[in-house]
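I have placed the structure first, in the form of structure tokens, so that the comments after it can refer back to it.
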Amino acid sequence: MQTRPLGRTDIQITPLILGTWQAGKRWWVGIEDEESIRTIRTAVEAGMTTIDTAEVYGEGHSERIVAAAVGDLRDRCVYATKVFANHLRYKEVIAACERSLRNLNTDYIDLYQIHWPAGSFGSEPVPIEETMQAMVELKVTGKIRAIGVSNFSRAQLAEAMQYGRIDSVQPPYSLFWRWAETELIPFCIEHEITVLAYSPLAQGLLTGRFGPDHQFDPEDNRAKNQLFQGETYARALEAIELMRPIATSLGTTVGNLALAWVLHQPQTCAVVGARHPEQVLENIKAADLHLDQSILAMLDEISQPVLATLDPRNPVMWKW
């Protein structure tokens, strides 16, 4: 898979990045460690060598699963992990990074990200200057190679950049969730910051495999995802039906059509999760799918009725 530069660094990342929230098990149902290990291993061996995880995914369980899966292939991999909103004091960031290094069984983290801004989910408000001081120190000492943020607004990103170089931002971004396009992505283009789109398949909705009566287990985080609720869900299913003939004409699937749309956006890579090796091998095909301007325009038009049901001011997909 042809790689792309991460921001202004010399780190090369794959356009499709393996997301491993599922591997942490928490907020997911039916996840087995052995299958997660097989899936991660398959991704790296097939060329998807950039892996995204976080300390909060199962309280480090996802990170440990990554190490178990591809620790012997570390030199081929780019590891991206995150510090959560409740660990953003200077000393807490340093300690969290050390834990992640142990969990990942590595001497360095390629991309270390602030998962959510301070104050999220009732966490302590911490000045971004203090958090960034720790992030910059970790970079200077070689424990991390690059700094990123996740779930930040344009204003929050701009403030953080006053205290150190940030080379990536990770927002929720898909054909059906496009809050980042208003201010955040134009800022990233201006400042050469890579966009790592998470939930590029709208947590599986854009695969087209869910029907009108689908119900998630209450323990599954998707039960609270706005895209699976009421009129939004109904409009999404209608849009997916309009996408099917386009996918067929290109010899691909609805899911890979949606992933390719994300990859065609400026400076954007897609963080896509998978439960099984077969999903990884299917998703990888999206990296080679070319969409011309007429198809991109059709997909944009198809998505508009879905977007019209959502509050454009709300960047959070879940009603937690």
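Using the numbering used here, the letters of the sequence shown correspond one by one to residues 2 to 321. Backbone N, C-alpha and C fix where the C-beta goes; we use that ideal spot for every residue, glycine too.
Would the region 254-268 and the region 199-217 be scored as touching if the rule is three or more Cβ pairs under 8 Å? yes
Is the region 272-282 touching the region 186-195 in the sense that three or more CB pairs, one from each, lie closer than 8 Å? no
Is there contact here, the region 48-60 with the region 86-102, by at least three beta-carbon pairs under 8 Å? yes
Between which two residues does the beta strand (DSSP E) holding Y199 run? 195-199
Just to confirm my understanding: we take Y174, look at its own chain, exclude 5 residues before and 5 after, and list those with CB closer than 6 Å. What are they? A181, A198
Relative to the C-alpha of Q230, which candidate in R42, K320, K92 has its C-alpha closest? K320
Span of the alpha helix (DSSP H), counted from its first residue to its last, around Y234: 231-250
Pair every Cβ in the region 235-252 with every Cβ in the region 145-158, then say whether three or more of these pairs are closer than 8 Å. no
Beta-carbon gap between P172 and L185 smaller than 7 Å: yes
Assess, as a yes-or-no matter, whether the region 136-152 is touched by the region 107-124 under the definition of 3 or more beta carbon pairs within less than 8 Å. yes
K83 - containing alpha helix (DSSP H), residue span: Where K83 is concerned, there is no enclosing alpha helix (DSSP H), although the beta strand (DSSP E) it sits in stretches over 79-84.
Short Cβ contact (7 Å threshold) for A81 with R42: no
If contact is defined by three or more beta carbon pairs under 8 Å, each pair taking one atom from either stretch, is the region 288-302 in contact with the region 214-223? no
Going by other Cβ atoms of all chains shown within 10 Å of its Cβ, with 16 needed for buried, is T249 buried or exposed? exposed
Whose CA, out of T50, L264, R166, M133, lies closest to the CA of D76? T50
Whole-angstrom distance between I303 and V255, CA atom to CA atom: 13 Å
Based on Cα-Cα distance, which residue from D301, E93, S154 lies nearest to Q134? E93
For E47, I'd like the list of residues in its chain whose CB is within less than 7 Å of its CB, leaving aside the five on either flank, ordered along the chain. Checking the sequence, you will find Ala at residue 47 rather than Glu. Excluding sequence neighbours, A47 sits near V281, L282, I285.
Identify the residues that DSSP records as bridge partners of Y109: which are they? DSSP output for Y109 lists no bridge partner at all.
For T21 and S63, which I take to be in contact (beta-carbon distance under 8 Å), what is that distance rounded to the nearest angstrom? 5 Å
My output table needs one value for L311: the three-state DSSP class, helix, strand or coil. coil
Taking only the alpha-carbon atoms, compute the straight-line gap between R65 and A288 and give it to the nearest angstrom. 28 Å
Let me confirm a value: V317 is counted as buried when at least 16 other C-beta atoms fall within 10 Å, else exposed. Which label applies? exposed
Every unbroken alpha helix (DSSP H) within the region 15-99, with a cutoff of 4 residues, ordered by chain: 34-46, 62-71
Please list the terminal residues of the continuous beta strand (DSSP E) segment that includes Q171. 169-171
Which complete alpha helix (DSSP H) runs does the region 268-297 hold, if anything under 4 residues is left out? 278-284
Put Q134 into one of helix, strand or coil per three-state DSSP. helix
Going by DSSP, which residues form a beta bridge with A147? L112
Give the DSSP-derived three-state secondary structure of W180 in the structure shown. helix
CB-CB under 7 Å to E131, same chain, minus the five flanking residues each way: which ones, in chain order? R90, Y91
Going by DSSP, what residues sit across from P128 in a beta bridge? P128 pairs with nothing; no bridge assigned.
Between which two residues does the alpha helix (DSSP H) containing Q157 stretch? 155-161
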